[in-house]
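S.K.: Going by the numbering used here, the sequence shown runs without a break in its numbering and finishes at 327. No residue lacks a Cβ here, since even glycine has one placed at the ideal position from N, Cα and C. Starting off with a structure, shown below.
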Amino acid sequence: MRIKFRIIPLPLQKYDAVIPRMPPQFPKLPELKENAKKLSSGYSGELKVDYHLGMLVNSYTILDDVYLHIHGSNFQIDSLVVTNHAIFIVEAKNYKGTITFDTVLKQLIRSDGKIESGFEYPITQVENQTYHLRNWLQHHNLSHIPIFYVVAIADPETVIKVDGNREEIGKVVAHAARIPKMIRDKDDAFAQAGKPKIEDYKIGKLILRECRDFDINVMRHHEITREDLLPGVICSGCGMRGMKRIHGGWLCKKCRQKSHNAHRNDLANYLLLYGSITNKECMWLLGLTSRSTATRILQKSGLVYVKECKCWTKRRK
Ligand SMILES: [Zn+2]
């Protein structure tokens, strides 16, 4: 059973909220776009791997996007598969072209046919995750559970090469489609060896309870202030910013699209970035001239008013 599902990573949601509000000449815009592109590519790779791991849902317990805390540090794992005898860390990698694992220098080189670029060595990455997970399990009196890792190459067209020990890499790196069988074979071998079974669902639930949300304060990270953002309701039809308020709704001056609730997305994105919004900020964000219209919109958006900060925020779950 899959007991934790992947959502669009919060930092990516934040980049997607900020980028359309940047002036085209803003010096940090290319850097923001580059980060968003990387996160988006990683996310789409993870989704591809999730699809293949779906083959295991009837036999094992699966958690996507696990983010845990132990001894003062946090660690993130793309997918965890808790089988009948062990836990498997699955790290999804989305590369285009040819990748070469250099097992001596512990580096990953990607080539797109013209340019070679270096990347963090995925094996080192999963070894670190294993180390943290082992500590975490120990802390929860589960140190008897064996941990394994696999690196799943999301794109079937990526050519995998090895410079050095091919066998070593072949055991832990594979295209995503091969991963379910690798996990199943290993688990079956444990069963045949008469190893004790573990309660995969119960362990999965324990991990789920301890999971946190991975997040970045994108604004602070890039030193972007509110003054750097441009206001206006963004049209979902053509992407233009600055829809005009008409009776009970919004009109796009460019593509003439009309909408009753075009502002909802802009409000949600603002709350994603700042956690709360004042009436004045709402007027600025939506380009409203009337204070009472802003109040009405905020009231109708299912937000709650907090007296202490004179601001509106999401209802707590
Ligand atoms: Zn439009």
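Compute the Euclidean distance between the alpha carbons of Thr-102 and Asn-145, then round it to the nearest angstrom.
M.R.: Checking the sequence, you will find Ala at residue 102 rather than Thr. Spanning the two alpha carbons is a distance of roughly 22 Å.
S.K.: Run through the DSSP bridge pairs and tell me what Tyr-77 is partnered with.
M.R.: Answer is Gln-86.
S.K.: Ends of the beta strand (DSSP E) at Tyr-159?
M.R.: Counting along the chain, the beta strand (DSSP E) containing Tyr-159 begins and ends at 157 to 163.
S.K.: Tell me whether Met-65, by its Cβ, gets closer than 7 Å to a heavy atom of ligand 1.
M.R.: No.
S.K.: Pull up the distance between the alpha-carbon of His-231 and that of Asp-210, whole angstroms please.
M.R.: Whole-angstrom Cα-Cα distance: 38 Å.
S.K.: Can you tell me whether DSSP reads His-257 as helix, strand or coil?
M.R.: Here His-257 sits in coil by DSSP.
S.K.: Relative to ligand 2, is the shortest distance from any of its heavy atoms to the C-beta of Gln-267 smaller than 7 Å?
M.R.: The model on display carries ligand 1 but not ligand 2.
S.K.: With distance defined between alpha-carbon atoms, name the residue in Thr-323, Cys-319 and Lys-317 nearest to Leu-308.
M.R.: Residue Thr-323 is the option with its Cα nearest to Leu-308.
S.K.: Nearest to Asn-84 by CA position, among Ala-304, Asp-225 and Arg-266, is which residue?
M.R.: The option with the nearest alpha carbon to Asn-84 is Asp-225.
S.K.: Flag Gly-52 as yes when its Cβ comes closer than 7 Å to any non-hydrogen atom of ligand 1, and as no otherwise.
M.R.: No, the Cβ of Gly-52 stays beyond 7 Å of every heavy atom of ligand 1.
S.K.: Going along the chain, which residues of its own chain have a beta-carbon closer than 6 Å to the beta-carbon of Glu-126, five neighbours each way excluded?
M.R.: Cβ within range, chain order: Ile-119.
S.K.: Under DSSP, the alpha helix (DSSP H) around Ser-51 begins and ends at which residues?
M.R.: Looking at the DSSP string, the run of the alpha helix (DSSP H) that includes Ser-51 is 39 to 63.
S.K.: Following a CB-centred definition, is Gly-247 positioned closer than 7 Å to any heavy atom of ligand 1?
M.R.: Yes.
S.K.: Quick test of the definition: if touching needs 3 or more C-beta pairs under 8 Å, does the region 23 to 43 touch the region 71 to 81?
M.R.: Too few Cβ pairs lie closer than 8 Å, so no.
S.K.: Looking only at DSSP bridge pairs, what is Gln-117 linked to?
M.R.: According to DSSP, Gln-117 bridges with Asp-112.
S.K.: Does DSSP classify Cys-292 as helix, strand or coil?
M.R.: Correct three-state label for Cys-292: helix.
S.K.: Which residue or residues does DSSP assign as beta-bridge partners of Ala-184?
M.R.: Beta-bridge pairing links Ala-184 to Ala-162.
S.K.: In the DSSP assignment, the alpha helix (DSSP H) including Asp-26 goes from what residue to what residue?
M.R.: Its alpha helix (DSSP H) spans residues 20 to 28.
S.K.: CB Ala-184 to CB Val-59, shorter than 8 Å?
M.R.: For Ala-184 and Val-59, no; Cβs fall outside 8 Å.
S.K.: Hey, is the region 197 to 207 in contact with the region 86 to 103, meaning 3+ C-beta pairs nearer than 8 Å?
M.R.: As far as the Cβ criterion goes, the region 197 to 207 touches the region 86 to 103, which means the pair count is three or higher.
S.K.: Would you say the beta carbon of Lys-264 is closer than 7 Å to some non-hydrogen atom of ligand 1?
M.R.: Within the cutoff, so yes.
S.K.: Give a single yes or no on whether Met-250 has its beta carbon closer than 7 Å to a heavy atom of ligand 1.
M.R.: Met-250 Cβ: within cutoff of ligand 1.
S.K.: So the candidates are Gln-148, Thr-108, Ile-193 and Pro-156; which of them puts its Cα closest to the Cα of Ile-170?
M.R.: With distances taken between Cα atoms, Ile-170 lies closest to Thr-108.
S.K.: Is the separation between the beta-carbon of Ala-304 and that of Asn-289 shorter than 8 Å?
M.R.: In contact: Ala-304 and Asn-289 (Cβ atoms closer than 8 Å).
S.K.: Straight-line CA distance for Leu-280 to Ser-300?
M.R.: The amino acid occupying residue 280 in the given sequence is Tyr; Leu does not appear at that position. Cα to Cα, Tyr-280 sits roughly 19 Å from Ser-300.
S.K.: Which residues in the same chain as Phe-200 place their Cβ atom closer than 7 Å to its Cβ, once the five residues preceding and following it in sequence are excluded?
M.R.: The answer, listed in chain order, is His-95 and Ala-96.
S.K.: Helix, strand or coil: which one does DSSP assign to Arg-222?
M.R.: Three-state DSSP puts Arg-222 in coil, outside helix and strand.
S.K.: When the Cα atoms are used, what is the spatial distance from Gly-123 to Val-114?
M.R.: Going from the Cα of Gly-123 to the Cα of Val-114 covers about 23 Å.
S.K.: May I ask you to report which of helix, strand or coil DSSP gives Asn-174?
M.R.: The amino acid occupying residue 174 in the given sequence is Gly; Asn does not appear at that position. DSSP places Gly-174 in coil when its eight states are reduced to three.
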